[in-house]
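So for the sequence shown, the working numbering puts the first residue at 3; every next one is plus one. Backbone N, C-alpha and C fix where the C-beta goes; we use that ideal spot for every residue, glycine too. For reference, the structure is listed below as structure tokens.
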Amino acid sequence: MYTLLTNNMMAFNFKILFQMAMSMTDYLALMRFFIYNK
3 MYTLLTNNMM AFNFKILFQM AMSMTDYLAL MRFFIYNK
């Protein structure tokens, strides 16, 4: 039970971290795009 719970929490945290990283890369790409198109 405990290992299952911790595994679910790890997967959940990993999903959140992955989404945050993806949004950060998208943000950086947009910033670079705007800077280069000035």
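When the five nearest sequence neighbours on each side are left out, no beta carbon in the same chain lies closer than 7 Å to the beta carbon of N9. Here the alpha carbons of Y38 and T5 stand approximately 49 Å from one another. Taken through DSSP and simplified to helix, strand or coil, N9 comes out as helix. CA-to-CA, the gap between L32 and L19 works out to about 20 Å.
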